[in-house]
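**Q** Take this structure, written in structure tokens, and hold onto it; I'll ask about it next.
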Amino acid sequence: MKPAPFAYHAPSSLDEAVALLAEHGDGAKVLAGGQSLVPMLALRLAVFDHLIDLGRIPELRGLERRGGTIRLGAGTTHAAVGSSAEVAEAVPLLSRATPFIGHFQIRNRGTIGGAIAHADPAAEYPAVALALEAELETVSPRGQRTIPAADFFTGTWTTALADDEILTGVTFPVWGGRSGHAIEELARRHGDFAVAGATVALELDDDGRVGRCAIGLLGLGSTPERATAAEATVTGTAIADVDAQGVGEAAMAVLRSVPADLHGSADYRRRVGAAMVARAWRRAAQEALHG
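With the working numbering applied, the sequence shown corresponds to residues 165 to 455, in that order.
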């Protein structure tokens with residue numbers, strides 16, 4: 165199929181993009197990398213009169229270390245995120261999630277802002293952003309605002325972004341000390357969306373106890389999920405005393421609505437999810453203990 169007719173706009177500045185979005189209202193849609201939106205347009209699952217391509221706006225690309233955080237412009241491609249030594253050092257979980265995203269052609273075009281704004285519950289970057297308590301920066305004709313990741317994802321493919329807002333950047337905290345990070349997921353084929361997956365970050369204190377941890381879940385709800393109850397059960401516990409399988413089961417226990425489709429029932433997804441959390445926990449724990 166081919167998309168319905170639309171007018172194409174290619175602004176060269178953020179101010180111009182904001183003005184175009186305000187002018188055309190809910191008949192317009194911003195285009196980041198296009199790796200999710202373009203197929204939806206081609207299948208006519210989405211129809212817009214105007215597309216505003218953000219790809220020629222240089223201020224939306226790049227990264228910057230700011231003390232205890234690192235900020236990535238929303239237009240930074242997956243490939244740039246995955247190849248950055250600075251990202252690998254500052255936010256290892258983000259770097260390690262990148263190879264799971266589609267194929268290299270998709271990673272060369274897709275952007276971190278596009279992936280997060282698309283809000284697919286089976287996608288990697290939204291789960292990482294939620295787990296690590298990232299902050300999402302936006303701009304609109306009313307000015308700028310910052311949205312915590314916990315408040316950003318409102319449903320499948322829906323977010324707290326207003327119709328006239330553009331996601332401009334994502335800021336992640338930098339974890340220090342004895343920390344470990346891992347991502348595990350099960351997909352039918354490499355590059356497919358995950359049936360279920362988990363991201364884990366943990367940090368040990370001087371006594372070898374879990375000082376803090378973050379567990380993000382993908383493919384297990386209508387939005388990315390954070391296993392806060394499971395996190396609470398292990399925080400303050402000696403890492404040697406933590407049962408990884410128990411962490412996985414605790415992460416699944418409080419999920420409200422696990423999807424079921426041709427790829428698997430809700431019960432199957434729960435079992436897979438528990439296994440993915442356990443695997444990711446073991447890998448992250450080993451890294452925190454041994455570097």
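Ideal Cβ positions, reconstructed from N, Cα and C, are used throughout, including at glycine.
Tell me leucine 227's beta-bridge partners as DSSP assigns them.
**A** Leucine 227 is bridged to Leu236.
**Q** Cutting at 7 Å between CB atoms, please list the residues of its own chain near proline 158, excluding the five before and the five after it.
**A** The structure shown does not extend to residue 158, since the chain spans only 165 to 455, so no value can be given for it.
**Q** Tell me the residue span of the beta strand (DSSP E) that contains histidine 345.
**A** Note, histidine 345: beta strand (DSSP E), 342-350.
**Q** How is the beta strand (DSSP E) around aspartate 217 delimited, first residue to last?
**A** Counting along the chain, the beta strand (DSSP E) containing aspartate 217 begins and ends at 214-217.
**Q** Buried or exposed for lysine 166, please, with buried defined as at least 16 other CB atoms from any protein chain shown within 10 angstroms of its CB.
**A** Classification for lysine 166: exposed.
**Q** Please confirm whether aspartate 328 and serine 304 have their CB atoms less than 8 Å apart.
**A** It is a contact, given that the beta carbons lie within the stated cut-off.
**Q** Applying the 10 Å Cβ sphere with the 16-neighbour rule, what's the burial state of glutamate 223?
**A** The residue is exposed, with fewer than 16 neighbouring Cβ atoms inside 10 Å.
**Q** If you run the structure through DSSP and keep just helix, strand and coil, what is glycine 191?
**A** Three-state result, glycine 191: helix.
**Q** Could you tell me the alpha carbon to alpha carbon distance between alanine 295 and serine 421, rounded to whole angstroms?
**A** One C-alpha to the other measures close to 19 Å.
**Q** Measure how close the beta-carbons of leucine 302 and isoleucine 330 come, nearest whole angstrom, since I'm counting them as under 8 Å.
**A** Per the sequence shown, residue 302 should be read as threonine rather than leucine. Yes, threonine 302 and isoleucine 330 are in contact; Cβ-Cβ is about 6 Å, under 8 Å.
**Q** Determine the direct distance from the alpha carbon of threonine 397 to that of aspartate 371, and round the result to whole angstroms.
**A** Those two C-alpha atoms are separated by around 18 Å.
**Q** Can you grab the Cα-Cα spacing for the pair proline 312 / valine 338, in whole Å?
**A** Looking at the two C-alpha atoms, the distance is approximately 16 Å.
**Q** Starting from glutamine 308, follow the beta strand (DSSP E) in both directions and report where the run begins and ends.
**A** 307-312 is the extent of the beta strand (DSSP E) around glutamine 308.
**Q** Applying the criterion that 16 or more other CB atoms from any shown protein chain within 10 Å of the CB defines a buried residue, is threonine 323 buried or exposed?
**A** Result: buried.
**Q** Please state the DSSP three-state secondary structure of threonine 322.
**A** Threonine 322: strand per DSSP, three-state reduction.
**Q** What beta strand (DSSP E) runs, 3 residues minimum, are completely inside the segment 231-296?
**A** You should have 233-237.
**Q** Does DSSP put phenylalanine 336 in a helix, in a strand, or in coil?
**A** Phenylalanine 336: strand per DSSP, three-state reduction.
**Q** Inspect the CB distances between the segment 341-361 and the segment 439-451 and report whether three or more fall short of 8 Å.
**A** Verdict: yes, contact present.
**Q** Please name the residue, chosen from Phe336, Ile403, Glu297, Glu288, that lies closest to glycine 361 on a Cα-to-Cα basis.
**A** Here the closest residue by C-alpha is Glu288.
**Q** With leucine 215 and lysine 193 assumed to form a contact (beta carbons below 8 Å), what rounded beta-carbon distance in angstroms separates them?
**A** 6 Å between Cβ atoms; contact.
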